[in-house]
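Under this note's numbering, think of the first position of the sequence shown as 20, with each following residue one higher.
Even for Gly, the Cβ is constructed at its ideal location relative to N, Cα and C.
Scroll down for the structure; my scribbles are underneath it.
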Amino acid sequence: MLRGIFHLTLTHNTGAAFGILKNQVPLFIFTSLFAVFLIYVNIRKHREGKLYGLALSLILGGALGNLIDRVRLGYVIDFLDFRIWPVFNLADSAITIGAVLLGYSILRTKKA
Numbered sequence: 020m021l022r023g024i025f026h027l028t029l030t031h032n033t034g035a036a037f038g039i040l041k042n043q044v045p046l047f048i049f050t051s052l053f054a055v056f057l058i059y060v061n062i063r064k065h066r067e068g069k070l071y072g073l074a075l076s077l078i079l080g081g082a083l084g085n086l087i088d089r090v091r092l093g094y095v096i097d098f099l100d101f102r103i104w105p106v107f108n109l110a111d112s113a114i115t116i117g118a119v120l121l122g123y124s125i126l127r128t129k130k131a
C-alpha cells in the first residue's frame, strides 16, 4: 500500500499476541469468553467515568472480534503490516488502545 511503510499481509494467527502459544485455540476461546464475561460485568456494575468505560468497551469489542474469528475459523485473521511490528488486526488495535486508556484511567483515578 505505502511502499516500505504499510502493507496488507494476510496471516492466519492460531496463537496469541505475536503468534505465541500456537494452536491453542480451545484455550484462547475459553479465556476470551471468560474475559468478555468479566469485562461485561465490570462495565455494567461500575460507573467510574467515561474514559474507564470507553477503555473497557474497546477491550471488549476487540476480544469479541478475535473470539468470533477463533470460533468461526479456528484462527484470527491478521492483515495490518508495518514491517517493523508483527502483523495485527483492528481488534488487536482496539485491545491495545483500550489497555493503554484503562491504565491511564486507573492511574488518574488513584492520584485524585
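Residue i classed as buried or exposed, judged by whether at least 16 other C-beta atoms fall within 10 angstroms
{"i": "G68", "result": "exposed"}
{"i": "V90", "result": "exposed"}
{"i": "A36", "result": "exposed"}
{"i": "V60", "result": "exposed"}
CA nearest to the CA of residue i, picked from the options
{"i": "V44", "options": "D111, G84 and G34", "result": "G34"}
{"i": "L75", "options": "L126, L121 and D88", "result": "L121"}
{"i": "N32", "options": "I24, V55 and F47", "result": "F47"}
{"i": "L92", "options": "F25, R22, I24 and T30", "result": "T30"}
{"i": "F107", "options": "V119, T28 and L52", "result": "T28"}
Supposed contact pair residue j and residue i - C-beta distance, whole angstroms, cut 8 Å
{"i": "G81", "j": "G117", "result": "7 Å"}
Proximity below 9 Å, CB of residue i to CB of residue j
{"i": "Y71", "j": "I114", "result": "no"}
{"i": "I62", "j": "L77", "result": "no"}
Q) What residue ranges within the region 50-113 form continuous beta strand (DSSP E) runs of no fewer than 3 residues, ordered along the chain? A) Qualifying beta strand (DSSP E) stretches, in chain order: 95-100.
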